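Residue 2 is where the sequence shown starts when you use the numbering used here, and the numbers rise one by one after that. Beta carbons: idealized from backbone N, C-alpha and C, even for Gly. Note that the coordinates shown come from a computational prediction; the quantities given were computed from them, not determined experimentally.
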Amino acid sequence: MSAPKRSILTMNAFELADGKPDGLLARRLANVGAASVLFYREPIEMVSAKGAWMHAADGTSYLDFYNNVPSVGHCHPRVVAAVSEQLGVLNINTRYLNERTERYLDALKAKLPERLSNVVLTCSGSEANDLALRIAAKVTGDTGVIVTENAYHGNTAAVTAISPSALIGADPPANVATVAPPGRAAYGEDIAGGFRDAIERAAADLEAAGHGLAALVCDSIFSSDGVFADPSGFLHGAVEAVRARGGLYVADEVQPGFARTGSGFWGFEHHGVCPDMVTMGKPMGNGYPMAGLAAAPAHLGAFCADVGYFNTFGGSPVAAAAGQAVLDVIEEEGLQPNAERVGAYLFERLLSLAEGSGTVAEVRREGLFMGIELCRDGDLARPDPELASATIDGLRRRRVLIGAAGRFGNVLKVRPPLCLTLEEADFFADALGAELAVR
Ligand code: PMP
């Protein structure tokens with residue numbers, strides 16, 4: 002491969018070298034310092050948002066194709082009302098009983114496999130994955146973890162260690178084995194078999210090095226790796242191989258969960274496997290910070306026998322109100338079928354753009370989650386991150402916000418709100434077509 006590995010946080014980000022900052026940008030950099038990560042060389046000041054659109058201080062409106070947090074639509078009135086109302090009634094931690102939280106957990110569990118009947122609510126996906134790692138280590142007695150080579154699972158010390166995409170110039174620790182993402186570039190036409198074999202080898206290596214195998218942790222749509230969904234069921238063999246060696250399978254649903262994949266409510270459904278644990282977050286509260294972990298009572302019980310688990314803000318009645326409103330809106334507005342319908346339409350348009358473009362090597366999709374892989378001469382072996390970067394900047398000028406993914410940063414990550422209309426899908430496809438035509 003010709004291109005160097007890219008950190009997920011540096012893609013199309015503001016760089017101080019780009020000029021002398023003033024105004025709000027200067028204040029932001031002074032306040033947040035080196036941890037200030039901003040999109041675009043010229044950052045955008047946002048003031049409001051509605052549906053799939055975000056409105057900037059200079060009066061420009063942008064179509065949001067990046068942001069899968071406000072998944073049922075920015076500032077959805079149902080979520081806003083539910084949160085506002087509950088904030089004025091009661092907002093406490095979970096060491097008291099509250100009917101609202103139990104009602105929400107019952108509704109959430111109705112969406113999950115029956116055997117994962119315990120749900121722990123947290124504030125971030127990172128916390129949920131951190132807890133999953135601790136449970137897996139306790140249940141298996143091992144510390145080895147397998148992830149994909151450009152995975153992202155969060156920002157605590159433990160989950161940064163299993164997030165190669167976040168590590169700048171460093172490798173994961175010795176107890177973390179990485180495998181190439183499940184695509185044709187790595188495994189040719191037998192993606193399922195190749196991926197399973199890679200997992201087998203990684204597990205054997207971890208065992209040989211004395212770490213054993215605690216878990217395979219996979220984002221079910223492999224978003225930061227560049228979005229990989231097909232062929233459906235390809236995870237099955239890999240999960241069987243993990244279980245045969247005593248490891249657990251953790252489905253990280255922070256990205257694909259909550260109806261985005263259209264055919265299912267969760268990404269793992271596409272693979273016909275039942276995870277040992279499911280972690281979730283991002284779209285769960287449509288912007289209200291909430292996340293969670295679902296596990297079998299025996300697994301959670303084993304962990305809690307040692308240390309217990311408590312989260313001050315996780316599972317508050319306000320979180321429950323936000324989460325319930327999200328579930329209700331998904332159902333009542335038919336957002337899961339909409340993700341499939343608009344996703345299928347957009348996919349067709351993107352396939353037409355790809356044909357003869359000379360630069361689109363693959364378009365991959367599940368529901369309203371797509372990856373558009375840009376390569377020189379459309380050759381998967383020659384990723385073109387410069388083109389991806391220029392396209393992202395060009396799309397911004399055409400009023401569309403989108404990000405990149407993949408080890409080399411050459412995959413456009415398509416992830417609009419689930420309420421996207423056909424007209425909005427056209428707006429994006431027209432802008433992308435125009436952009437690719439000038440490059
Ligand atoms: N897992 C995945 C797959 C993610 O994409 C993210 C966030 N980008 C996380 C976990 C971490 O979630 P949070 O930022 O809420 O901690």
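Beta-carbon spacing of residue i, residue j below 9 Å
| i | j | result |
| --- | --- | --- |
| D253 | V218 | yes |
| G395 | M371 | no |
| T123 | E150 | no |
| R408 | P182 | yes |
| V274 | H300 | no |
| V84 | A326 | yes |
| L117 | A296 | yes |
| V146 | L294 | no |
Between the CA atoms of residue j and residue i - distance to the nearest angstrom
| i | j | result |
| --- | --- | --- |
| D231 | V251 | 19 Å |
| G434 | M12 | 22 Å |
| V160 | H154 | 6 Å |
| N130 | G315 | 14 Å |
| V70 | R400 | 19 Å |
| V33 | N156 | 17 Å |
| H1 | K51 | Summary: the structure shown does not reach residue 1, with the chain confined to residues 2 through 440, and so no result is reported for it. |
| Y289 | A323 | 7 Å |
| A36 | L168 | 14 Å |
DSSP three-state assignment for residue i, whether helix, strand or coil
| i | result |
| --- | --- |
| L404 | Just to set this straight, residue 404 is Gly in the shown sequence, not Leu. Of the three classes helix, strand and coil, the one that applies to G404 here is strand, per DSSP. |
| E417 | It should be pointed out that residue 417 corresponds to Pro in this sequence rather than to Glu. Coil, per DSSP. |
| A57 | strand |
| A178 | strand |
| Y188 | helix |
| K110 | helix |
| P384 | strand |
| I93 | coil |
| Y310 | coil |
| H154 | coil |
| I147 | strand |
| A362 | strand |
| H1 | In this structure the chain extends from 2 to 440, so residue 1 is not present and cannot be described. |
| G324 | helix |
| V319 | helix |
| A340 | helix |
The ligand FAD heavy atom lying under 8 Å from the CB of residue i
| i | result |
| --- | --- |
| V160 | For the structure depicted, the ligand FAD is absent and the ligand set comprises only the ligand PMP. |
The ligand PMP heavy atom lying under 8 Å from the CB of residue i
| i | result |
| --- | --- |
| K283 | yes |
| S8 | no |
| E367 | no |
| Y153 | yes |
| D65 | no |
| E128 | yes |
| V255 | yes |
| S125 | yes |
| D277 | no |
Reference residue i, options the options, closest by Cα
| i | options | result |
| --- | --- | --- |
| D143 | E201, G211, K283, L132 | G211 |
| L17 | R7, P5, A31 | A31 |
| E46 | G34, M281, G52, S62 | S62 |
| L249 | Y289, F40, T422, I136 | I136 |
| E103 | L421, V319, R342, V361 | V319 |
| E43 | N92, P418, G302, R397 | R397 |
| L98 | A321, I192, I373 | A321 |
| E208 | V243, V415, S125 | V243 |
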